[in-house]
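The block underneath contains the structure these notes are about, expressed in structure tokens.
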Amino acid sequence: MKKLLVLSLVLLVSFSLFAQVVITVAGGAVGQELELTKKAAQMYMTINPNVRVEVLDTPDMADDRLGLYLQFFEAKSSRVDVYQIDVIWPGDLAEHLVDFYDYKADMVTSMYFPSMIQNNTVDGKLVAIPWFTDAGLLYYRTDLLDKYNLSVPKTWDELERYAKIIQDGERSAGNRDFWGYVWQGNSYEGLTCDAIEWISSNNGGTIISPDGVITIDNRNAAEIIQKAASWVGSISPAGVIGMAEEESRAVWQAGNSAFMRNWPYAYSLGNSDGSAVKGKFDVAPLPAGRGNPGAALGGWQLAVSKYSNNIPEAVEVALFLAGYEVQKMRAIEGSFNPTIQALYRDPEVINAVPFFGSLYDVFINATPRPSTISAPRYAEVSRLFYQAVHSVLTGRRRAPDALGELALDIADLTGYPVR
Amino acid sequence: MNKNLKNILGKVGLYSLLVVIVIYLLFPFYWAVNSSLKNENQLMMTPATFVPRDFDGNFSPTFENYKSALTDSQFLRGIVNSTIVAFSVTLLSLIIGAFAAFSLGKLRFRGKRTTLYLILAMTMFPQVTVLSGLYAVITAFNLSARLSMIFSYMIFTLPFTTWVLTAFFKALPVEIMESAQVDGATPFQTFRKILLPLTAPALVTTGLLAFIQSWNEYLFALTFTSIDPGARTIPVAIALFSATHARQEPFGEIMAGAVIVTIPVVILVLIFQKKIVSGLTAGAVKG
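Residue numbers (the working numbering), protein chains in the order written: chain X, 1 to 419; chain D, 420 to 706.
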């Protein structure tokens, strides 16, 4: 009798062990990012004891991570259920991913920023859910704007003028290293982001329109790129054509520029102890040309693998991680920028990270890069684009010529019509 | 008088040349140490300062970079991996290289010269050209990252060890071997008991160079460990140091890490200093 009891108990325990579903999330491995993901997993497990969420740390370089993911996908591996993917990957990876709309995601999509949902929608399928985000911002020195009695520039023309005034003033006051505006002009993906901000803010489109027409060869785009080229050596250092994010932040954080285009990460670093600009700056949406201000969209999404053995549970985990509660926790504890609009008005979030309040206007206007429409050739399209822009910045070509040629090159590559 | 002046001028010339050479060689290292003692804001200061200073110009070094490098688990794991890989490479190349060099330097067989040049030819290809091929081989054999690093580093350490040791074995007088033979020693005993102890200086020198090469190797390590971050060696771990923010480049920590990993090499060189000098000269001047 006793034996039977023990046996049935063992059976029961082992059965419940088998019944427990394990969901593996592949995500960022950098210190705090990993900690917060683990914490969120714990939050989920407390509510759903029948599911165990494991976090697999992946290489921290985006390219390495993509390589690893592709290996899993090619092998149709069920090792990982939920993947953390970059904003420019949904198009490339769509064939391996589950459509969230099949699992009632339409109930929640309205709370996210529309541009992000649009970016993650491939052929009408929502292949990834926005998790945390990034967008280009204008950093400006509040003390210098006060000193020269200027306001925050709303247009590129204003930025150009103010930068010149402050630069001339600071230089004659003795700081010979001072520049008006620093940004990312090196020939790399960062230039694609900067340039797409200029172009979209000047009603020049986004290289390839979402319905598959190559729109880059237009007068507005050429005008603004030519304008940016005129900054090199005047309000921006000649070396700006070799700068990435960190180089421009180095100029800015040493107190040597009035304006900077950068991502939100530079905010807390600029306010760190010993920073020359601590407490002397703020952020605003980037200036506009003929249209509305643009901001290149960055950030990470959660996607569920088609090869997962437990798709419904994995979708639920992904939606939980990208849900209000977890995003709020990550915003407050790690300053990760939420993808949920309401969080930018949540008093607790604003209290913890005050500058999030001014980010709402930026994210609502964020411009996705044409990665979804040009998949799987986005990397090549982007390379052609930033090389063309770079050739204008260095003065090798005029913008209209460069863009005309670029449109034909992209047409060769993608087969889309040129307008 | 004239001769005296010439002498002085000569000395001045010599020492100024020495100063130029020392600065040329040591400045990068000095700059790494200097940068490793600065915090991020000091690194961004313009003009750059020759010692870490705060905004008022006072000397204020920080050891934060060293602290965070030494508490970084990736960095520590990198040191362990590098030690395993570099020591295995050194040991294997010395063992195989010494056997090869003995036969190439002292034994007579057909195709000796061809063999020597074939070995030399292996070093002709730049690393990048063989990289993708090697990667294919490694995935085909399903080798672990550490093993593949060990084997691939031997592509450039082994020819070098073999050549230097061959020259060294050649220089050893034949009489030693002959007298050993007279005493009834087999070729292996001659090699093991007589010649090998004599080549100790050369073994140390080549071993040290092989060690440094595999300790510092970056390209192969980066490629082979891309899928297995746990096997990253120290140069890769340093290059991939991550800061608190995903886009931030932790320049100070990178410099601190670079300074830390030169220490084992410096210590090894200091220990074997005397042997290295005799090893380097022994091949040239026959005693």
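C-beta: ideal position from N, C-alpha, C; glycine also.
- Within the same chain, A221, A222, E223, I225, Q226, A229, V392 come within 8 Å of A399 (chain X) by CB-CB distance, once the 5 residues on both sides are set aside.
- Neighbourhood of N460 (chain D) in chain X, by CB distance below 7 Å: Q253, G274, S275, A276, in chain order.
- Between P376 (chain X) and I207 (chain X), the CB-CB gap reaches or exceeds 7 Å.
- DSSP places D134 (chain X) in the strand class (E or B) of the three-state scheme.
- Taking C-alpha positions only, L641 (chain D) is separated from F575 (chain D) by approximately 17 Å.
- Between the segment 273–281 of chain X and the segment 30–49 of chain X, the count of Cβ pairs shorter than 8 Å is below three; the stretches do not touch.
- Between Y378 (chain X) and Y360 (chain X), the C-beta spacing is not below 7 Å.
- CA-to-CA, the gap between Y443 (chain D) and Q184 (chain X) works out to about 33 Å.
- Within chain D, no C-beta atom comes nearer than 9 Å to that of G239 (chain X); the closest sits roughly 12 Å away.
- A distance below 8 Å between beta-carbons, with the five flanking residues on each side excluded, links R52 (chain X) to the following residues of its chain, in chain order: Q20, V21, V22, I23, M45.
- Within the segment 643–674 of chain D, the residues whose Cβ lies closer than 7 Å to any Cβ of chain X are, in chain order, S645, I646, P648, L659, S661, T663, H664, A665, R666, Q667, E668.
- Contact check between the segment 551–561 of chain D and the segment 589–599 of chain D: fewer than three CB pairs, one atom from each, fall below 8 Å, which does not count as touching.
- Here the segment 507–514 of chain D lies against the segment 569–587 of chain D, with 3 or more beta-carbon pairs under 8 Å apart.
- DSSP, reduced to helix, strand and coil, places S492 (chain D) within a helical segment of the structure shown.
- In the three-state scheme derived from DSSP, where H, G and I count as helix and E and B as strand, M568 (chain D) is classed as helix.
- Straight-line measurement puts the Cα of V678 (chain D) at about 18 Å from the Cα of N500 (chain D).
- Residue state for R261 (chain X) is assigned as strand, using DSSP reduced to three classes.
- Excluding five sequence positions before and after T618 (chain D), the CB atoms of its chain that fall closer than 6 Å to its own CB belong to F587, given in chain order.
- Judged by their CB atoms, A195 (chain X) and V418 (chain X) are not nearer to each other than the 7 Å cut-off.
- I557 (chain D) and V504 (chain D) have their C-alpha atoms spaced approximately 16 Å apart.
- With distances taken between CA atoms, G67 (chain X) lies nearest to D:T644 out of D:T644, D:V688, D:M674, D:G671.
- When beta bridges are read from the DSSP output, V232 (chain X) appears opposite X:S236.
- Residue pairing of D64 (chain X) in beta bridges, as defined by DSSP: absent, with no partner found.
- For T465 (chain D), at least one C-beta of chain X is nearer than 7 Å to its own C-beta.
- Within its own chain, the residues whose Cβ lies closer than 6 Å to the Cβ of A402 (chain X), once the five positions on either side in sequence are excluded, are A388, S391, V392, listed in chain order.
- Burial state of A540 (chain D) is exposed, judged by a 10 Å Cβ sphere holding fewer than 16 other Cβ atoms.
- Taking a beta-carbon distance threshold of 7 Å, A250 (chain X) counts as an interface residue toward chain D.
- A direct Cα-Cα distance of roughly 33 Å separates K457 (chain D) from I350 (chain X).
- Judged by beta-carbon spacing, L137 (chain X) lies beyond the 7 Å limit of A105 (chain X), meaning their Cβ atoms are not closer than that value.
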